[in-house]
Each structure stands twice: as structure tokens, then as C-alpha cells.
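Trainee: Residue numbers (my numbering), protein chains in the order written: chain A, 381 to 835; chain B, 6 to 478.
(1) Buried or exposed for residue 185 (chain B), going by 16 or more other Cβ atoms inside 10 Å?
(2) State the Cα-Cα distance for the pair residue 394 (chain A) and residue 427 (chain B), rounded to the nearest angstrom.
(3) For chain B, is any of its Cβ atoms less than 8 Å away from the one on residue 387 (chain A)?
(4) Residue 85 (chain B) CB to nearest chain A CB: under 8 Å?
(5) Determine, using beta carbons only, whether residue 439 (chain B) comes closer than 8 Å to chain A.
(6) Can you list, in chain order, the residues of its chain whose CB lies under 8 Å from that of residue 152 (chain B), leaving out five sequence neighbours each side?
(7) Return the chain-ordered ranges of every beta strand (DSSP E) run that is complete within the stretch 640-689 of chain A and spans a minimum of 3 residues.
(8) Which whole-angstrom value describes the C-beta separation of residue 617 (chain A) and residue 638 (chain A), a residue pair presumed to lie in contact below a C-beta threshold of 8 Å?
(9) For chain A, is any of its Cβ atoms less than 8 Å away from the one on residue 61 (chain B)?
(10) Measure how close the beta-carbons of residue 354 (chain B) and residue 520 (chain A) come, nearest whole angstrom, since I'm counting them as under 8 Å.
(11) Can the beta-carbon of residue 846 (chain A) be found closer than 8 Å to that of residue 762 (chain A)?
(12) I want to know whether the stretch 479-495 of chain A touches the stretch 60-80 of chain B - three or more CB-CB distances under 8 Å.
(13) Do you know how far the Cα of residue 660 (chain A) is from the Cα of residue 371 (chain B)?
(14) Evaluate residue 32 (chain B) with the Cβ neighbour count: other Cβ atoms within 10 Å of its Cβ, from every protein chain shown; 16 or more gives buried, anything less gives exposed.
(15) Of all the residues that make up the stretch 550-579 of chain A, which are near chain B by a beta-carbon distance shorter than 9 Å?
(16) With 8 Å set as the bound, which would you pick, yes or no: does the beta-carbon of residue 80 (chain B) sit closer than that to a beta-carbon of chain A?
(17) Give the DSSP bridge partners of residue 813 (chain A), in chain order.
(18) What residue from B:223, B:196, B:146 and B:204 has the CA that sits closest to residue 187 (chain B)'s CA?
(19) In terms of alpha-carbon separation, which member of B:311, B:336, B:464 and B:165 lies closest to residue 123 (chain B)?
(20) Throw me the rounded Cβ distance for the residue 362 (chain B) and residue 391 (chain B) pair, which I believe falls under 8 Å.
(21) What are the residues that DSSP puts in a beta bridge with residue 247 (chain B)?
(22) Could one say the Cβ of residue 70 (chain B) lies closer than 8 Å to chain A's Cβ atoms, at least one of them?
(23) What distance in whole Å lies between the Cβ atoms of residue 674 (chain A) and residue 510 (chain A), which are believed to be in contact at a cut-off of 8 Å?
(24) Should residue 425 (chain B) be counted as a contact of the ligand ATP given a C-beta to heavy atom distance under 7 Å?
(25) Taking CB distances under 8 Å as the criterion, tell me whether residue 753 (chain A) reaches chain B.
(26) State the Cα-Cα distance for the pair residue 443 (chain A) and residue 274 (chain B), rounded to the nearest angstrom.
(27) Are residue 209 (chain B) and residue 169 (chain B) close, meaning C-beta to C-beta below 8 Å?
(28) Would you say residue 307 (chain B) reaches chain A, if we count a Cβ-Cβ gap shorter than 8 Å as a contact?
(29) Which one or two residues does DSSP pair with residue 117 (chain B) in a beta bridge?
(30) Taking C-alpha atoms, which residue in B:148, B:119 and B:449 lies nearest to residue 395 (chain B)?
(31) Does the stretch 22-32 of chain B come into contact with the stretch 433-441 of chain A, if we say contact requires no fewer than three beta-carbon pairs (one atom in each stretch) closer than 8 Å?
(32) Can you tell me whether DSSP reads residue 427 (chain A) as helix, strand or coil?
(33) What do you reckon, are the CB atoms on residue 838 (chain A) and residue 602 (chain A) nearer than 8 Å?
(34) Answer yes or no: do residue 789 (chain A) and residue 810 (chain A) have a C-beta to C-beta separation smaller than 8 Å?
(35) Where does residue 371 (chain B) fall in DSSP's three states?
(36) Thinking C-beta only, is residue 244 (chain B) closer than 8 Å to residue 204 (chain B)?
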């Protein structure tokens, strides 16, 4: 129905005037494409009105079943305050480009500077970048940094058994180019098995990874030991976590973590089919090896003038923000850059920062404490069901836990779907159940459904 | 001049900065938990603002930021076109927000949308199969490099350890090849700004894994010898990789697959109008020719004989390049955009993008040494410093072009107006270019004067890094 792009505003008269100015009769003359590679067919995609296009996309998505999700395993949803959508959706933010002209992008730069600062507070580490794609790619970048900063050579990275296969696959894809091998070490009831890790360590290990909480929801009790083991072999200790857990649990810097990675989209985003926000924070001495963009505070290089002096907030009025240390990055250093990353997750970082600022310390700590209580309560109720034992691991949990089922777990998960609930079946007899403020309203119905389908 | 008044960043409060969140609240909270003390931290000091204050904080920040709706944004190689608002609405649907671990049969809508977008992109690029997983263009390049490696290894050609890249290519090309463990062989461009075939011939050999090429290239020029280039690369046993950054120049006129490219990435945040988000998220789907389809990332989506959609692992998959499914909400927006424009709209977008670039190139006083252009042109600031020109253009209420790159043109002003600008906007843009062209060095060096912040000291920012409010005095 449309004759052209609805977003190309040219009138016929304007087009004609412009063609004349350019000196051609037809716009096709401007395409300097050899005849032999010209495309003279169609894609076969019909143009639509906005109303039709909205309906088409909506119609497709609505084929999804309406399930209440008790899913986590490394990607979590909390309630996102309405304000996050409204503020991050302002077009000055969402439609802007990377801040290569800082004089007209102070707003986004400050928001990213604030995001970096929040991660510095949460991790206790000196530096946080303004985002990676997700936890898996951040972990991969950490491994490459570990190899770069190590004085002696080494080619092994150790990760715990519980890490998602997909995360390990990403890590292997990145590490392969640097000839680094990824190996798994043993775990004990959802925590690091310190003896197994000690056995796996040698001087070829450049990095040890552990998580808090672990992918199976257990709060880690051996972080100090992991830090010591890594230290004694001159390996980096990389800790995986998220901002909600970090607000309550041991501070990474206090357990000897050199790098923190994770998914900060637990703040500011719904589950979004896995769209995420990669955390990357590390010790200050690795500053020049950090992947990705960094926002720094600086000053205007010319003094404020005129009306600027009269501004009520101009006491130190020439502070200004800019992307900095860009000589690490691909657009300057090319094949010698610390990473190939260009586009990142800046807008997701903005959303996470707004969410965090709406909670503050108290709100975040309340939420985190709730994430300790909720799985405890739900596990207790499930444990009362005949044929179900929960939690499997005798640990403190955060958001989620494993439940053992006498009957096959995949069949139970399938039956629960029929009752309107989605859970993980992690193996033949274990379910993983994640409960947060986003789904707790349905927790009682969920427990009743488990009782029903295991009956 | 009228366009002065379009300077969105010239708010009444320009010149006064917004206090940091930490300057508005610096209270610390002691941690009191049901967990054992040795499993928790002692205190936390994150600022909290009451909701009305928080709203004002971020609105003030947004007023100090220039977006596509603030005015023209002619950044070369970035394709800063208008981002249709309705795509935000479909990406905000609850059904777009499902968890990535949902069973396939419970998310048939998501899988169908993935399948249909794979299909649309395949048709647009002339590719046999497309993965949506790479979360950005550079991640797409890296995926492509891994695909090339897997392909060569499966043919017992794993010794191929070089990737050939023209000097005018995006920095990501070099970095992505290096990340994959490849040696980069950089070749100089010819005097006409295109691939120098002699240099290419000398660079190709038995160790060539791939040539990475942008077409039209970063100078806005179509590589007319593309068929010969493809033959040369293929004869050497290498693969041809298409950097999709400039695809907005070709929609409906030529397809990478038809030109002989074996692998390509799409920048949906460029060609398909998804917002850049201040640096991201983007999405970098990768298309491949049939011979490479078995290597695509895990999972891929296919349609069953019964008409359902399912995830599967391609036979020789390289594994995953993102922990989950990439930047899904961005992909939803891209689908909605393509579906709205259709053949007619996509084709017209390229036509108007190319017309706008050529028209603007005619209007600017700066020398434009090469041509003919497609969607962007590179002017030379001549005796002026291109970076200073950019700063001065900010004073005229427009966003400047990309500067000092590609290096083939002295003091480059790489300009891509996109299809969304009216003739009047282009005339205003040209006025801004031409006003600056007539100004002296002193004026340029002291610019900008009418922006939120005046020129920022980059040297001290790098020498004395202050990367968090904890670093501030």
C-alpha cells in the first residue's frame, strides 16, 4: 500500500529538484553497480501500514503460551518500576549514538559514569566499564584479560561444573583464538569443591571462575579459599554475580576477586528472551587492559563564560564527562585492541542505573534479603510434598534452588506447563525453581500444582 | 538562522551541570541479614532519590543529550536514521519478554518471529541461512570469523591463518579477526579509494582464510570489481566476508550473496532503524551461503513438516556466541520495521539515502575528492582540522559527521545524512558546513560555545583517569 519508505519525507517536487541539482534524471543512475550483480527481483515482503505491522508482529508473538515463569539459571526478572520505561524511553537517550561528541552527550555520559560508580561500590573493585553484551561474553573477555596481564605464560581457565553449557561454549569460542583451554572443576552441593579445585590448579592456570550465587542458586561459602588458591598460582580470580546479590553478599574485593562479571539486567529489564547487560569490573592496575568503553570525568578545557558563571549549580561548573582511554579500543588500536567490542549495552545500563537509584541501598538490600527468604519458604513447602525433596543442596539459597523428584523431572516440568507454570528440568530427577518478586504472587498456586502433578 | 533554534541541547540550563546521584544522597546502610555474617558484606552506600527527584534527574540528563529526534545526525558509517516509535511498542509486549529457557513448544510465537526474521534477512542479503544470535555488529564479525575457521577445518584447511582487510575498513574488522586468532594482512586502497587488485593479489595465498570487505566501502564507493575480487579470493581458497555496516546503500539494488559473499553480518541498528541506545544494544545477525549453514551457532530455528517451529543444533555448530539468544528486543524492532516497509519501503529508503548523500555533497563547499557516492560521502576539511570543524558544527545546532576517518582523505568529514532528512534539512546542514568552512582557526579551536559543555579536556581525562564518583576529589 505504501509507495515508498514512510520515513523518507521527500515530496515529488523535492525529489525532482534534488535530482536536477545532482545532475541525473533518475535516482537509479546514482547506483554505481555493475549490471551483472544488480538485483532485479523482489524480496517478496509486502509493505504495510503501521497498524498492520503492529498487528502482524503482535499476532506472531501472541502464539506464545501464557505461563508463569519460575525460571532463572543465570538470567532473572525482578519487578521493574514504571519510571524506568518512561525515563529510558526519552528519545534523547534511546535514539542517540555513542558519545563521540561529548559536548552534546553529557547527559548519557553522566548516566553511564553513575552506572560505573554503582558497580564500583557493589564490587569494591577500582574500575567498572560501561557494559559488555552479557555475562558469558564478559566472562570470556575476563579470560583473555587474564592471559594478557599474566607475567608468565599459561593456557588454562578453570570454571565450576555448574556453569551453564552455553556460557562455557561462548567462553570456548573466545578463548580458542588465544589458544586457551577451558576446563571444568568439581563442585560440592552447589558450591566450589575446594579440594577438587586445588587438585586442578597448576601454574598454567591463568584464571579461576566461581559464582555467587552459583547457577543452581546456592550462596557460595568458599570464596576466600578460591581467592587464595588463585593467588598462590598467580591466576586471576573471576567472580560471577549480579547487582542484587552483590548488594547483600560478600564484597568481591574482600574475597580476593580480581575481576567481577555478571548480568546486571536483573535490574531494569524483564527476562527479554535473554537480552542482558554484561558486568565487567576489575582491579585498577588492569585499567589499560580493560575491554569496552569507559566514561571518565574531566573538565572543560576553556573556562566557563557569561551566563555560565551565574548558574546556581556552577560551583565546580566545568566538570564534564567523556569517553576515555580509547587507545585501548578497536577504532584506534585495530588488531591490537583489548577487544573487538564496539556497540555495547549502554541503554540497558541506563535502565539498570535508574532502577538501582530508585531502590538505593535500603531498597536493594530489602530486595536481596527477600531473595534469600523466598526460596527458603517455597522449598520448605515443596519439601512437604511426598516424592519431592527440596532444597537438594544444604546451603543458603538466593532466588532459586534444586528440588529432587521421585518421578522423572522432565515429565513433571511438562505437566506443570499444562498447569500454566514454566520450570527447569535440569536432569532426570531434579527441577530448578526460581522465585522472585516477579512471580511470588503465584507461588502458592505453583506449590499446589506441583502437589497435583506429582500425586 | 532558523536552525539555531533547533539545537535541542541548548536548554536554558546549559552550562550548569547536573549534580551526581552521589551528590544528592550519600547515606550508607548497614547490612542486617538472616544470613551468617561471614556470607554478607558490612555496608552499602548507593544513592536513593525520591521518585519525583529521580524523574527530574534523568530528565535533566536527557536534556543534555542529542538524539535523532533532536536534529540531523549525519554520522558517516553509522546510519543514524529515525527510529519509528511503533517498534518500541511491539518490543514492549509481554510476549516479547519471555525467559530464554522456555520450552520450544511453549514459545511458538517467539520461534516463529525468529524464523520469519531469519527468512527476511536471508532474502534481503541473498543468503541461505541467517543466525540472529550475535548481539552487535562486531560480535557478528567474530561469529563470521569462527564460521570461516570451522569451515576451513572441516575441509582439512585449518592451516589458513590470515585474514585480509583493506586499510579503510572499520576497526572492528581487524580486532574481530585478531580475536579469532588470525593474523591480519592489511592491504592499501587504490588511488580511486577502492580495493587495489594488485595489492589484493599479492596478499592472497594458501594461508588466506578470508577477505573482509565493506561494500559500498567506508568512502561511500561501490567496489565495482567485486566479481573479480570474489573470484580471486575463492581461487585462493578463501572466503569472502561482507561487513553490513553500509547495507542501507543497496537495499533492493544488490545483494551480498549475489556478489559472491559467503558470510555477512547485518547491523540492524543501522539498516533497519533500531535505536542505537547511546552506544547499544545493537544486533548483528550473520548470514551464510549454503556450504556454511551447518556451522551456525546453537540453537538455530527451523520449521517442522507439521508447520511448528523448533530449535535445533546445526550439525557442525560452532557453539554459542552469546549466553542466550542475543539482543532479542532489538531483533523484534528490526522485524517490525522490515515488515512495515516491505520491498517498496526498503528500496525507497536506499534510493532516498543515496539521493540525500549526493545532494548534500553537491551543496557543501568542502572538497569532495572521490565519487560517485552511494549513501555517504567523505569531504576533506583541507587546511582546517576536521575535529575542530565538528566542534564548530555543534554550534550550528547540528550533529557533525564522523571525522578524520577514513585516513585516505585528508581531514576527513565522513557524512551520511540517511533517507530521513528533508531537502530543507539538508540545505540547513550544508549551510552549517559552509559557514564553518569560511571561519578562521581561532574560531574553530574555541568551539563549541553554544553547547551544554564546552570543549572537554581529553588529555587530562586519559592521564588522570576518574572513572567513578569514588575517584572524584
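Where a beta carbon is used, it is the ideal one built from N, C-alpha and C, also for glycine. Nothing here was measured: the structure is a model prediction, and the numbers come from that model.
Mentor: Judging by the given coordinates:
(1) For the purposes of this step, residue 185 (chain B) is identified with residue 180 of the second chain, where counting begins at 1. Answer is buried; the Cβ neighbour count reaches 16.
(2) Looking up residue 394 (chain A) in the first chain gives position 14. Looking up residue 427 (chain B) in the second chain gives position 422. Computed Cα separation, rounded: 8 Å.
(3) Against the first chain, residue 387 (chain A) aligns to sequence position 7. It does; some Cβ of chain B falls within 8 Å.
(4) Counting from 1 along the second chain, the entry for residue 85 (chain B) is found at position 80. Interface residue, yes.
(5) Here residue 439 (chain B) refers to the residue found at position 434 when the second chain is read from its first residue. Cβ-Cβ to chain A under 8 Å: no for residue 439 (chain B).
(6) Here residue 152 (chain B) corresponds to residue number 147 of the second chain, with the count starting at 1. If we look at residue 152 (chain B) and ignore the five residues flanking it on each side, its Cβ neighbours are 268, 291, 293, 297, 300, 301 and 323.
(7) 658-662 and 674-679
(8) For the purposes of this step, residue 617 (chain A) is taken as the residue at position 237 of the first chain. For the purposes of this step, residue 638 (chain A) is taken as the residue at position 258 of the first chain. About 5 Å; that satisfies the 8 Å criterion.
(9) In the second chain, counting from the first residue as 1, residue 61 (chain B) sits at position 56. Cβ-Cβ to chain A under 8 Å: no for residue 61 (chain B).
(10) What you label residue 354 (chain B) is simply residue 349 of the second chain in a count that begins at 1. What you label residue 520 (chain A) is simply residue 140 of the first chain in a count that begins at 1. Residue 354 (chain B) to residue 520 (chain A), Cβ: 36 Å. No contact.
(11) For residue 846 (chain A) there is no data in the structure shown, the boundaries of chain A being 381 and 835.
(12) yes
(13) Locating residue 371 (chain B) in the second chain gives position 366, counting from the first residue. Locating residue 660 (chain A) in the first chain gives position 280, counting from the first residue. Using only the alpha carbons, I get a separation of about 43 Å.
(14) In the second chain, residue 32 (chain B) corresponds to position 27, counting from 1. Answer is exposed; the Cβ neighbour count stays below 16.
(15) 550, 552, 553, 554, 556, 557, 558 and 559
(16) Position 75 of the second chain, counted from the start, is the residue given in the question as residue 80 (chain B). Taking Cβ atoms only, chain A reaches closer than 8 Å to residue 80 (chain B), which makes this a yes.
(17) Taking the first chain and counting its residues from 1, one reaches residue 813 (chain A) at position 433. For residue 813 (chain A), which the question treats as bridged, DSSP gives the partners A:781.
(18) By one-based count along the second chain, residue 187 (chain B) stands at place 182. Taking only the C-alpha atoms, the option nearest residue 187 (chain B) is B:146.
(19) Mapped onto the second chain, residue 123 (chain B) falls at position 118. Among B:311, B:336, B:464 and B:165, the Cα nearest to that of residue 123 (chain B) is on B:336.
(20) Residue mapping note: residue 362 (chain B) aligns to position 357 of the second chain, counting from 1. Residue mapping note: residue 391 (chain B) aligns to position 386 of the second chain, counting from 1. Not really, about 18 Å apart at Cβ, beyond 8 Å.
(21) The residue given as residue 247 (chain B) occupies position 242 in the second chain. DSSP lists B:218 and B:269 as partners of residue 247 (chain B).
(22) Indexing the second chain from 1 puts residue 70 (chain B) at position 65. Yes, because at least one Cβ of chain A sits closer than 8 Å to the Cβ of residue 70 (chain B).
(23) The residue you call residue 510 (chain A) lines up with position 130 of the first chain. The residue you call residue 674 (chain A) lines up with position 294 of the first chain. With a Cβ gap of about 7 Å, residue 510 (chain A) and residue 674 (chain A) count as contacting.
(24) By its list of ligands, the structure shown contains no ligand whatsoever, and the ligand ATP lies outside what it can speak to.
(25) Stepping through the first chain from its first residue, residue 753 (chain A) is reached at position 373. It does; some Cβ of chain B falls within 8 Å.
(26) For the purposes of this step, residue 443 (chain A) is taken as the residue at position 63 of the first chain. For the purposes of this step, residue 274 (chain B) is taken as the residue at position 269 of the second chain. Near 26 Å, if we compare the C-alpha coordinates of residue 274 (chain B) and residue 443 (chain A).
(27) Indexing the second chain from 1 puts residue 209 (chain B) at position 204. Indexing the second chain from 1 puts residue 169 (chain B) at position 164. Yes.
(28) On the second chain, residue 307 (chain B) is found 302 positions in, with the first residue counted as 1. Not one chain A Cβ lies under 8 Å of residue 307 (chain B).
(29) Along the second chain, one-based indexing puts residue 117 (chain B) at 112. None; residue 117 (chain B) has no bridge partner.
(30) Walking along the second chain from the start, residue 395 (chain B) turns up at place 390. Nearest C-alpha to residue 395 (chain B): B:449.
(31) no
(32) For the purposes of this step, residue 427 (chain A) is taken as the residue at position 47 of the first chain. If DSSP states are grouped into helix, strand and coil, residue 427 (chain A) belongs with coil.
(33) Residue 838 (chain A) falls outside the range modelled here, since chain A spans only 381 to 835, and no answer is possible.
(34) For the purposes of this step, residue 789 (chain A) is taken as residue 409 along the first chain, with counting starting at 1. For the purposes of this step, residue 810 (chain A) is taken as residue 430 along the first chain, with counting starting at 1. Result yes, Cβ atoms of residue 789 (chain A) and residue 810 (chain A) sit closer than 8 Å.
(35) Indexing the second chain from 1 puts residue 371 (chain B) at position 366. Of the three classes helix, strand and coil, the one that applies to residue 371 (chain B) here is coil, per DSSP.
(36) Residue mapping note: residue 204 (chain B) aligns to position 199 of the second chain, counting from 1. Residue mapping note: residue 244 (chain B) aligns to position 239 of the second chain, counting from 1. Not a contact, by the Cβ cut-off of 8 Å.
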